[in-house]
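Shown next, in structure tokens, is the structure this report addresses.
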Amino acid sequence: MKNVAALAIAAAVLSLAGCSTVPVTEAQAKPVPSERVYLPQYFQKSAERSATIYISRDKGYSGSGCSHDIYLNNEKVMAIRQSEAATLHVVPGAYFLKLETGGGLCPNISTSQNMTLGAGERQVYRVLIPSDGNLRLTRDQ
Numbered sequence: 000m001k002n003v004a005a006l007a008i009a010a011a012v013l014s015l016a017g018c019s020t021v022p023v024t025e026a027q028a029k030p031v032p033s034e035r036v037y038l039p040q041y042f043q044k045s046a047e048r049s050a051t052i053y054i055s056r057d058k059g060y061s062g063s064g065c066s067h068d069i070y071l072n073n074e075k076v077m078a079i080r081q082s083e084a085a086t087l088h089v090v091p092g093a094y095f096l097k098l099e100t101g102g103g104l105c106p107n108i109s110t111s112q113n114m115t116l117g118a119g120e121r122q123v124y125r126v127l128i129p130s131d132g133n134l135r136l137t138r139d140q
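Numbering (numbering that gives the first Met the number 0), first residue to last: 0 to 140.
So this is what it looks like as structure tokens:
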């Protein structure tokens, strides 16, 4: 009986751990394809767009069938899928970064971050689903 209980606990722990996503490195990440880029000006470097926002989405089973839309100041910039990343080039200033998902089998979820970037500054954000199953947009740097 003790073995059955221990096995059940181990299976529960492993199943929860299997639901969380894992980060991808910049070298591993695939670029967001052009057909899911809605505001291409943010993907182009220029002298006035000296600040950057790097956004990556984890890989893993949880949420893998859902595209997540990225908004900057309530404008849809791109749709990001697992193991993808993008660098947005922006004019230094204050921004509202929002992540939304929904449609099909995906729940309607929205989360956001306020940020201020200086000239030449780079901020790094990660889209992840930890073992609690709640979609997150977190700042890494």
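Think of the CB as a built atom: it goes at the ideal place given N, C-alpha and C, for glycine as much as any other residue.
Query raised in the report: Within 10 angstroms of its Cβ, does LYS44 collect 16 or more other Cβ (buried), or is it exposed?
Result: By one-based count along the sequence shown, residue 44 stands at place 45. The C-beta of LYS44 has fewer than 16 other C-beta atoms within 10 Å across all chains shown, which makes the residue exposed.
Query raised in the report: CA-CA distance, TYR41 and SER130?
Result: Residue numbering aside, residue 41 sits at position 42 when the sequence shown is read from its first letter. Residue numbering aside, residue 130 sits at position 131 when the sequence shown is read from its first letter. Between the C-alpha atoms of TYR41 and SER130 there is a straight-line separation of about 32 Å.
Query raised in the report: Are the CB atoms of GLY92 and SER49 nearer to each other than 7 Å?
Result: Walking along the sequence shown from the start, residue 92 turns up at place 93. Walking along the sequence shown from the start, residue 49 turns up at place 50. For GLY92 and SER49, no; Cβs fall outside 7 Å.
Query raised in the report: Any Cβ of chain C within less than 7 Å of the Cβ of ARG48?
Result: The structure shown has no chain C; it contains just one protein chain.
Query - Reduced DSSP category for PRO91 - H, G, I as helix; E, B as strand; rest coil - result: Taking the first residue of the sequence shown as position 1, residue 91 is located at position 92. Correct three-state label for PRO91: coil.
**Report entry** Other residues of its chain near MET77: CB distance less than 7 Å, five sequence neighbours each side excluded
**Finding:** Numbered from its first residue, the sequence shown carries residue 77 at position 78. Same-chain partners within the cutoff: VAL31, ARG35, VAL36, TYR37, ILE69 and ALA85.
Requested in this report: Rank LEU136, CYS65 and GLY117 by C-alpha distance to the C-alpha of TYR124 and give the top, closest one.
Outcome: Along the sequence shown, one-based indexing puts residue 124 at 125. For the residues LEU136, CYS65 and GLY117, the minimum Cα distance to TYR124 belongs to LEU136.
Report task. Would you mind sorting VAL90 into buried or exposed? The rule is 16 or more other CB atoms within 10 Å of its CB. Result -> Start at 1 with the first residue of the sequence shown, and residue 90 comes out as number 91. Looking at its Cβ environment, which holds fewer than 16 other Cβ atoms inside 10 Å, VAL90 is exposed.
Query raised in the report: Going by the CB atoms, is the gap between GLN122 and ILE52 shorter than 7 Å?
Result: Within the sequence shown, the letter at position 53 stands for residue 52. Within the sequence shown, the letter at position 123 stands for residue 122. It is a contact, given that the beta carbons lie within the stated cut-off.
Query raised in the report: Under the three-state reduction of DSSP, which class applies to ARG35: helix, strand or coil?
Result: For the purposes of this step, residue 35 is taken as the residue at position 36 of the sequence shown. DSSP, reduced to helix, strand and coil, places ARG35 within a helical segment of the structure shown.
Query - Sequence-distant residues of its chain with Cβ nearer than 6 Å to SER82 (five each side left out) - result: Looking up residue 82 in the sequence shown gives position 83. Taken in chain order, the residues that qualify are VAL23, LYS29 and LYS58.
Query - Reduced DSSP secondary structure (H/G/I, E/B, other) of LEU127 - result: Here residue 127 refers to the residue found at position 128 when the sequence shown is read from its first residue. Assigned with DSSP and collapsed to three states, LEU127 falls in strand.
Query raised in the report: Nearest to LEU96 by alpha carbon, out of LEU71, ILE108 and PRO106?
Result: Taking the first residue of the sequence shown as position 1, residue 96 is located at position 97. The shortest CA-to-CA distance from LEU96 to any of LEU71, ILE108 and PRO106 is the one to LEU71.
Query raised in the report: Which word fits VAL21, buried or exposed, when buried means at least 16 other C-beta atoms lie within 10 angstroms of its C-beta?
Result: Within the sequence shown, numbered from 1, the residue matching residue 21 stands at position 22. Residue burial annotation: VAL21 is exposed, with fewer than 16 other C-beta atoms found within 10 angstroms of its C-beta.
Query raised in the report: For GLN112, which three-state DSSP category applies?
Result: Taking the sequence shown and counting its residues from 1, one reaches residue 112 at position 113. It is a strand residue.
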